[in-house]
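*Asks:* Residue numbers (our numbering), protein chains in the order written: chain U, 524 to 875; chain H, 3 to 390.
Note that CB positions come from ideal geometry on N, CA and C, so glycine has one too.
Below is a structure I'd like to ask you about.
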Amino acid sequence: MDFTFTDDQLAFREAVSRFLMTEAAPEMLREIWDTDVGRSPDLRQKIAEQGLTALSVPDSCGGLGMDDVAWSLMTQELGYYAIPDSLADTAYVAAGLIAALPEDVAKREEWLRTIADGSIRIAVGHPINPFVADAQPADLLLLAHSDEVHAVPRSLVDVIANPSVDHSRRLGRVVWEPNSATRVAAGEAGRALWATTLERGVLSAAGQLLGLAQRMLDLSVDYAAQRKQFGKPIGSFQAVKHHLADVATRIEFAKPVLYRAAHALAQGEAGAAVRVSHAKLACGEAAWLAARHGIQVHGAMGYTWEVDLQMFMKRAWALDASWGDRGFHKTRVAGFVLGDAAALGPGRTFEE
Amino acid sequence: MDLAFTPRQRAFRAEVRAWLADNVPRTPLTSYDTREGFEQHREWERRLFDARLSMVMWPEALGGRGCDLIEWLIFEEEYYASVAPLRVNQNGQLLLGPTLMEFGTEAQKQRFLPRMASSEDMWAQGWSEPNAGSDMAAITSKAIREGDHYVLNGQKTWSTRAIYADWLFGLFRSDPASSRHHGLSFLTVPLDAPGVTIRPIRALNGKEAFAEIFFDDVRVPVENRIGDEGKGWHVAMATAGFERGLLLRSPGRFQHTARRLVALYQAHRESADRDPAIRDAVCESWMGAEAYALSAYHTVGRLAKGARIGDEASTNKIVWSELDLKMHETAMRILGARGELVAEAPDAEDGASWLEGFLFAQAGPIYAGTNEIQRNIIAERMLGLPKS
């Protein structure tokens with residue numbers, strides 16, 4: 524029994540954090556907001572050079588073959604820096620789906636290789652999301668038609684842009700016609716692919732939410748330590764301290780829930796879906812509390828366009844309902860907890 | 003990350019489970035907040051000790067079996083799942099025990115720990131005073147050195163089950179010229195010593211669950227001091243907050259409560275569902291208890307790898323106390339108009355156990371350092387915010 528990360532995993536996370544700290548600074552995020560496409564090919568190129576697009580791709584196709592557990596650290600960093608790029612959709616969620624396709628799908632290996640080298644951008648149109656993130660700039664879209672999985676080139680779909688409160692999110696309603704040429708899986712196999720893809724998408728959003736929560740906490744602590752009123756830093760006042768202590772506590776107790784879910788998914792445990800929903804709820808609540816208390820601590824500055832808190836709050840507000848809103852995830856948890864077969868109580872946390 | 007238990011861990015779980023199945027009393031013991039119940043619980047502790055299960059993490063030489071933290075978590079899970087009696091000597095075993103391990107002399111360990119493990123000695127704590135609650139450094143009770151003795155004068159309060167206990171440990175001001183956290187010494191005091199007066203305080207549940215203790219020229223030999231003279235604050239605080247928070251309330255306890263709450267909801271589903279918030283609260287209870295367990299395993303794993311767990315430990319106490327309160331509030335709402343019935347009421351459900359727990363849960367955010375103090379600790383030491 525060892526519910527911790529290896530030194531290598533933690534060192535990798537550190538390296539990613541240092542990289543994004545330089546390459547995804549808030550000023551740069553604002554510059555990218557003002558571009559039409561909302562994406563920076565330069566940033567994507569640097570991300571690929573770091574090998575981050577290759578994490579989930581199997582070794583045999585030029586990747587690093589990392590699993591969901593590694594991604595539970597990685598997605599926190601993506602959230603912490605609120606990168607203006609749906610990197611995890613391509614490199615984690617889409618890579619997972621494509622790697623699970625039968626090997627006789629003609630382009631499977633090519634797609635995996637181009638994911639690994641960073642030359643392809645793939646958008647994932649899971650039916651749970653009404654809009655597809657990054658559909659506009661995608662090269663390829665993975666789309667659902669009943670139980671079928673289609674891999675559709677961008678040129679074969681129309682994308683109706685639906686701007687989000689988060690300027691970095693580029694959502695689109697995708698209009699397309701399924702045909703047999705784009706179908707890569709169907710029937711039981713298709714259903715299974717979409718089911719696993721759902722869990723991976725949820726976990727990706729959960730990890731990002733937790734990273735966002737930590738960033739908002741850090742920004743708020745910094746602000747409270749330097750902003751003075753009544754002749755003292757506002758962070759010395761108990762009311763302010765307790766707001767931030769509550770956020771820290773929520774984050775502290777969401778982390779292991781995320782890690783447990785990632786492990787369950789990586790191992791294909793029967794109870795993975797419940798663990799994943801628990802993680803999404805815990806991380807979403809941490810992020811929303813961090814936003815609410817964060818803006819409160821920032822006072823009127825938090826309500827301005829100028830202060831960076833906004834970019835993290837808005838991402839948190841948006842991601843909370845993506846890959847299943849709270850109702851969806853609470854229903855899944857309740858189905859287990861209140862179900863007849865639930866193994867509840869002490870000693871069931873790791874074994875069913 | 004390897005989330006499988008080892009064969010040794012599984013075997014330990016099986017052994018504990020089997021022993022508890024054979025030994026846990028079929029009918030619940032009388033409340034340990036009464037004289038009769040206290041002695042029943044002492045007998046139960048003795049049985050645990052004889053099976054080397056009272057203090058599983060302590061070294062064998064001191065009455066334990068040398069388990070690590072994972073095995074301790076396993077023990078606790080099985081203990082609470084078996085609905086065994088509450089641990090009556092936990093203030094000594096869980097709060098003083100680790101302090102003695104770290105600061106006690108070999109002679110003190112031999113003198114106190116085995117008798118603590120077997121509950122031949124029952125311990126009460128002496129921290130709070132009438133004017134030193136959250137502000138514990140305001141302690142004024144004195145221990146003035148006279149040769150090879152200290153002479154104690156002053157008053158302690160909120161000392162849990164002190165009227166039934168044999169010994170007290172606590173902080174006394176050994177340097178009368180000192181102030182705040184300087185000049186304090188950590189002493190152990192036999193409660194039958196001349197000059198000790200114990201007055202019970204009736205708690206919210208109507209029982210004499212705690213007491214105030216008066217010291218009137220009480221003579222305590224110097225060898226009863228733990229750690230150096232004047233360093234009592236350091237001794238009291240040094241045992242990591244994490245260990246205290248987690249040891250005092252392990253996750254199994256709350257996972258068991260969450261399971262009972264789900265069962266209570268199922269039994270009253272028709273009436274409970276008239277309030278749509280109840281179902282949500284029941285599910286959140288399971289999630290909260292599970293998160294606490296996961297956090298414990300994650301933390302214990304990091305400790306085993308040599309990590310230092312610092313002030314983030316204060317988050318534990320907030321989480322379990324608020325979770326416990328929420329679960330019992332939810333149970334009271336499910337029980338509706340029957341919730342107020344006490345144990346003697348013929349129509350009380352499950353011996354009024356939810357009401358008892360609800361009353362006790364009110365104390366959770368207050369004892370062991372109020373949750374306001376914990377939030378200050380988190381803000382100042384974990385987040386680095388300035389002191390007020």
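Is any beta-carbon of chain U found at less than 7 Å from that of Ala335 of chain H?
*Replies:* It should be noted that the sequence gives Arg, not Ala, for residue 335 of chain H. Closer than 7 Å: no.
*Asks:* Is it a yes or a no for the region 547-565 of chain U touching the region 596-614 of chain U, going by three-plus beta-carbon pairs under 8 Å?
*Replies:* Three or more beta-carbon pairs separated by less than 8 Å link the region 547-565 of chain U to the region 596-614 of chain U, which places the two stretches in contact.
*Asks:* I want to verify the contact list: residues of chain U whose CB lies under 8 Å from the CB of Ala260 of chain H, in sequence order.
*Replies:* Leu867, Gly868
*Asks:* Counting only beta-carbon separations shorter than 7 Å, does Val392 of chain H have a partner in chain U?
*Replies:* Because chain H spans 3 through 390 in this model, residue 392 of chain H falls outside it and cannot be assessed.
*Asks:* Can you round the beta-carbon distance between Ala639 of chain U and Gly585 of chain U to whole angstroms, since I take them to be within the 8 Å contact cut?
*Replies:* 4 Å
*Asks:* Secondary structure at Asn155 of chain H, three-state DSSP: helix, strand or coil?
*Replies:* strand
*Asks:* Between which two residues does the alpha helix (DSSP H) holding Glu17 of chain H run?
*Replies:* 9-25 is the extent of the alpha helix (DSSP H) around Glu17 of chain H.
*Asks:* Take His786 of chain U as the anchor and find which of U:Asp863, U:Asn685, U:Asp590 has the nearest alpha-carbon.
*Replies:* U:Asp590
*Asks:* To the nearest angstrom, how far is the alpha carbon of Trp125 of chain H from that of Asp194 of chain H?
*Replies:* 12 Å
*Asks:* Given a cut-off of 7 Å, decide if Ser595 of chain U and Ala841 of chain U are closer than it, judged by their beta-carbon atoms.
*Replies:* no
*Asks:* Would a C-beta distance cut-off of 7 Å place Gly847 of chain U and Val725 of chain U closer than the cut-off?
*Replies:* Going by beta carbons, Gly847 of chain U and Val725 of chain U fall inside the 7 Å limit.
*Asks:* Verify whether the separation of the beta carbon atoms of Glu91 of chain H and Ser120 of chain H is less than 7 Å.
*Replies:* Note that residue 91 of chain H is Asn in the sequence shown here, rather than Glu. Taking 7 Å as the Cβ cut-off, Asn91 of chain H and Ser120 of chain H do not qualify as a contacting pair.
*Asks:* Hey, is Ser323 of chain H's beta-carbon within less than 7 Å of any beta-carbon in chain U?
*Replies:* no
*Asks:* Could you check whether the Cβ of Val744 of chain U sits closer than 7 Å to any Cβ belonging to chain H?
*Replies:* yes
*Asks:* Where Ala571 of chain U and Gly641 of chain U are concerned, what is the direct C-alpha to C-alpha distance, given to the nearest angstrom?
*Replies:* Going by the C-alpha atoms only, they are around 5 Å apart.
*Asks:* Would you kindly report the start and end of the unbroken alpha helix (DSSP H) that includes Thr259 of chain H?
*Replies:* 253-269
*Asks:* For Phe212 of chain H and Arg204 of chain H, what's the separation of their Cα atoms in angstroms?
*Replies:* Approximately 7 Å between the Cα atoms of the pair.
*Asks:* Can you determine whether any heavy atom of the ligand ZN sits closer than 6 Å to the C-beta of Gln731 of chain U, and answer yes or no?
*Replies:* Looking for the ligand ZN in the displayed structure turns up nothing, as the structure carries no ligands at all.
*Asks:* Between Leu325 of chain H and Tyr294 of chain H, which are expected to be in contact by the criterion C-beta below 8 Å, what is the C-beta distance as a whole number of angstroms?
*Replies:* About 7 Å; that satisfies the 8 Å criterion.
*Asks:* Within its chain, find whatever has a CB closer than 8 Å to the CB of Val220 of chain H; leave out the 5 residues flanking it on each side and keep chain order.
*Replies:* Val153, Leu154, Asn155, Val191, Ala195, Pro196, Gly197, Val198
*Asks:* Out of U:Asp530, U:Thr529, U:Asp525, state which residue places its alpha-carbon closest to the alpha-carbon of Phe7 of chain H.
*Replies:* Nearest of U:Asp530, U:Thr529, U:Asp525 to Phe7 of chain H, Cα basis: U:Asp525.
*Asks:* Determine, using beta carbons only, whether Phe7 of chain H comes closer than 7 Å to chain U.
*Replies:* Yes, contact with chain U.
*Asks:* Does Gly602 of chain U get closer than 7 Å to chain H when you measure Cβ to Cβ?
*Replies:* Interface residue (Cβ-Cβ distance to chain H less than 7 Å): Gly602 of chain U is not classified as such.
*Asks:* Glu79 of chain H: buried (16+ other C-beta within 10 angstroms of its C-beta) or exposed?
*Replies:* buried
*Asks:* Would you mind sorting Phe753 of chain U into buried or exposed? The rule is 16 or more other CB atoms within 10 Å of its CB.
*Replies:* exposed
*Asks:* Look up Lys630 of chain U in the DSSP assignment and say whether it is helix, strand or coil.
*Replies:* coil
*Asks:* Could you check the C-alpha separation between Asp313 of chain H and Gln42 of chain H for me, to the nearest Å?
*Replies:* Using only the alpha carbons, I get a separation of about 37 Å.
*Asks:* Since Leu716 of chain U contacts Leu620 of chain U with CB under 8 Å, what's their CB separation in whole angstroms?
*Replies:* 6 Å
*Asks:* My output table needs one value for Leu186 of chain H: the three-state DSSP class, helix, strand or coil.
*Replies:* Leu186 of chain H falls in the strand class under three-state DSSP.
*Asks:* State yes or no: is the beta carbon of Gly303 of chain H nearer than 7 Å to at least one beta carbon in chain U?
*Replies:* So, interface residue.
*Asks:* For Leu278 of chain H, which three-state DSSP category applies?
*Replies:* The question names Leu, yet the displayed sequence has Pro at residue 278 of chain H. DSSP places Pro278 of chain H in helix when its eight states are reduced to three.
*Asks:* At which residues does the beta strand (DSSP E) containing Asp591 of chain U begin and terminate?
*Replies:* First-last for Asp591 of chain U: 591-603, but that is the alpha helix (DSSP H), not the beta strand (DSSP E).
*Asks:* For the beta strand (DSSP E) that contains Trp169 of chain H, what are its first and last residues?
*Replies:* It spans 169-175 - the beta strand (DSSP E) in which Trp169 of chain H sits, taken as one unbroken run.
*Asks:* At the level of alpha carbons, what is the spacing between Cys806 of chain U and Leu733 of chain U?
*Replies:* 5 Å
*Asks:* Comparing alpha-carbon positions, which option in H:Ser390, H:Met334, H:Trp288, H:Val302 lies nearest Asp277 of chain H?
*Replies:* With distances taken between Cα atoms, Asp277 of chain H lies closest to H:Met334.
*Asks:* On the three-state DSSP scale, how would you describe Leu664 of chain U?
*Replies:* strand
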